[in-house]
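Numbering (the working numbering), first residue to last: 20 to 94. Ideal Cβ placement from N, Cα and C applies to all residues, glycine included. Structure record follows, encoded as structure tokens.
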């Protein structure tokens, strides 16, 4: 029997992820758009791996894809 996915909160509004933060693979039960305002991060999921930076927008449909996120440390 497959285990239930672990849903992560995706509240409306501005989220601030710190340098070096790592988010394990997780699911969202609602569609949303992530807009990178400053800095960048790497996102990996079932459909590939992306390095995103300031000005990028990622559209996340409602799915059970389980992405992980690694936020870059400042150079």
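TODO: Mind checking which residues open and close the beta strand (DSSP E) that includes residue 68?
DONE: 67-72
Task: Inter-residue Cα distance where the pair is residue 70 and residue 63 - done: 9 Å
Task: Proximal residues to residue 54 (C-beta, below 7 Å), its chain only, five neighbours per side dropped - done: 76
Task: For residue 54, the first and last residue of its enclosing beta strand (DSSP E) - done: 51-54
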